[in-house]
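Right, one structure below, let's go through it.
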Amino acid sequence: MRRPLGILGCCPVLLPLLLLLLQPGARSVPHRLRRQPLGSGFSGSHGAADSACKNRPLDLVFIIDSSRSVRPEEFEKVKVFLSKMIDTLDVGERTTRVAVMNYASTVKVEFPLRTYFDKASMKEAISHIQPLSAGTMTGLAIQTAMDEVFTEEMGTRPANFNIPKVVIVVTDGRPQDQVQDVAASARTAGIEIYAVGVDRADMQSLRVMASEPLDEHVFYVETYGVIEKLTSKFRETFCAANTCTLGTHDCEQVCVSNGGSYLCDCFEGYTLNPDKRTCSVVDVCAPGKHECDQICVSNNGSYVCECYEGYTLNPDKKTCSAMDLCAPGRHDCAQVCRQTDGSYSCDCFEGFTLNPDKKTCSGRTWSRKYCQLVQLAYFLYGVGEVNLPFTEIRIHSHQLMLDMSLCHCQITTSLSPLFMNIPGFVADYGEKRILEDS
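FYI, the numbering for the sequence shown is -28 to -1, 1 to 410, going by mature numbering (1 follows the signal peptide of the UniProt record, and there is no 0).
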């Protein structure tokens, strides 16, 4: 800035010219917003760095003005611009998807995001687009993009894919509707808007529809003849350095490229902390976050279910069932096992006493009479369980004789009523019975 002052000092004849340029009517438009032809900074050629650049995936919608003010030959220039833009993009179902809309007083979706995934098909479709010829309803076009194009049914990727939604509006006139409010709604919905003005385009309208910063989202060219030179500028914009790939991010676990910036994410089982950079293990066993019936055990970001003692995990790996702790081999009770909630206790048959070890039982010494009766029931029917030594049994005129020593005995099944005519016989039907001493 100092050199021009020095020149004026030695060449006072330049002062009137400078004052003329500074008249109030003169325009002062910053950087990319200036009404001047594109210079060398907008060259259509790509350097080595550009050719090596792979643009990030986008859901990209072109909205082109085909009102009466756009002459047929100028509209053809717009189609050339679209084709050259597609040449710079990494087009595909999993990369950048492209849609084209054509508008005047009405709006026509030439093809949505889901239609073409190769450059040749897109360029062929673009070559057949015809102008609509009347009116400039830019707000209506942006609203249609929100309602009919940026939907999953029409090919927009779901929000959790983090694919930027981008609109490039190309117009040469002043909108004839309320574009400011519609554009604000689109930006609020996460749509990034670039506004390209040509020739007679209203600069203020471009500013109110474009995203911030305006210096990076508003472009102006003098004629349609040079609009194709904007392709290199958009290529540069869409090929912003991938911070995640370069490793210059500060994410603790996962870096997700997001336009020219990035977002941090976490591995499964972790959650992003409020600082938006670091991650913490998710308490997967917190109430309401697991499906375990009894015990939840955290396991490397996931969880497994377990059961309380005395229960076993069911095949669904979530619910629990009580074990049959009194099944053979699962307890150490000498006589009776009684299951309780998740455990068991030992008991004894009637006439026996549980020992201090809470497992074994002590019995009694029985008389000869009752041991004879028990042995008779065992001998005739085999329905009892008696551990008695005996030497001989004789049956004669309903008199029983048994030569045995005193013994311990018990009946574990009911005895037949056929023995009720035997003097001194005692039976208890339906239950096991311990014979009392005489």
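Just so it is clear, CB atoms sit at the ideal spot from N, CA and C, and this is done for glycine as well.
7 Å CB neighbourhood of residue i in its chain, flanking five on each side removed
i	result
Lys56	Glu200, Thr203
Glu124	Pro130
Lys331	Asp304, Cys305, Ala306, Cys318
Glu240	Gly273
Arg40	Ser105, Ala106
Cys320	Gln307, Val308, Leu326, Cys333
Member of the options whose CA lies at the smallest distance from the CA of residue i
i	options	result
Pro185	Arg159, Asp174, Gly169, Thr195	Arg159
Cys268	Arg249, Cys292, Gly107	Cys292
Met118	Ala155, Gly107, Gly64	Ala155
Leu326	Tyr316, Ala173, Ala306	Ala306
Gly323	Asp329, Gly335, Ser317	Gly335
Ser77	Ala106, Pro287, Thr67	Ala106
Ser252	Ala258, Cys238, Cys298, Ile163	Cys238
Gly162	Thr143, Val138, Asp144	Val138
Val256	Tyr275, Ala97, Cys320	Tyr275
Cα-Cα separation, residue i to residue j
i	j	result
Cys277	Arg310	28 Å
Ser99	Lys51	7 Å
Val42	Pro84	23 Å
Ile35	Pro103	12 Å
Glu120	Val79	11 Å
Gly260	Cys227	29 Å
Gly356	Cys333	With a pLDDT of 40 at Gly356, under the threshold of 50, the modelled position of that residue is not reliable, and no figure is offered here.
His303	Met295	12 Å
Gln150	Ser93	34 Å
Met376	Val308	Bear in mind that the predicted position of Met376 carries a pLDDT of just 34, short of 50, making it too unreliable to give a figure here.
Ile140	Tyr242	38 Å
Gln225	Leu112	43 Å
Asp187	Thr60	22 Å
Val70	Leu30	8 Å
Arg86	Ile114	18 Å
Val198	Arg66	32 Å
Met109	Lys49	21 Å
Leu54	Glu208	16 Å
Ser157	Asp265	47 Å
Tyr316	Asn286	21 Å
Cys211	Cys223	21 Å
Phe47	Ile58	17 Å
Val81	Val142	15 Å
Gly282	Cys236	46 Å
Ile101	Gln152	27 Å
Asn271	Asp329	40 Å
Gln176	Val254	49 Å
Terminal residues of the alpha helix (DSSP H) in which residue i lies
i	result
residue 412	Residue 412 lies beyond the range of the chain shown here (-28 to 410); nothing can be said about it.
Cys268	Element bounds for Cys268: not the alpha helix (DSSP H) but the beta strand (DSSP E), 267 to 271.
Ser177	175 to 181
Ile114	110 to 116
Lys137	Premise fails: Lys137 lies in the beta strand (DSSP E), 137 to 143, not in any alpha helix (DSSP H).
Burial state of residue i, where buried means 16 or more other Cβ atoms lie within 10 Å
i	result
Leu218	exposed
Gly127	buried
Tyr234	buried
Lys248	exposed
Tyr280	exposed
Phe133	exposed
Asn245	exposed
Ser38	buried
Lys205	buried
Thr312	exposed
Arg172	exposed
Pro147	buried
Asn74	buried
Gly301	exposed
Gly273	exposed
Asp288	exposed
Thr68	buried
Asp144	buried
8 Å Cβ cutoff, residue i in contact with chain D
i	result
Gln115	Structure shown: chain D not included; a single protein chain is present.
Residue range of the unbroken beta strand (DSSP E) whose run includes residue i
i	result
Met73	69 to 75
Glu278	274 to 278
Ser41	No beta strand (DSSP E) holds Ser41; DSSP gives it neither H nor E.
Ile199	It is not in any beta strand (DSSP E) - Ile199 carries neither H nor E in the DSSP assignment.
Leu244	242 to 244
Glu82	79 to 83
Close Cβ partners of residue i (< 8 Å) along its chain, the five nearest in sequence each way excluded
i	result
Thr215	His221, Cys227, Ser229, Ser233, Tyr234
Glu164	Pro136, Lys137, Val138, Val139, Ser183, His189, Gly231
Lys290	Glu263, Cys264, Asp265, Cys277
Asp174	Gly145, Arg146, Pro147
Sequence-distant residues of the same chain with beta carbon closer than 6 Å to residue i, five excluded per side
i	result
Val63	Lys91
Gly169	Leu178, Tyr192
Val33	Ala71, Ala117, Val121, Val139
Tyr88	Met94
Tyr196	Glu46, Lys49, Val170
Cys298	Cys309, Gln311, Tyr316
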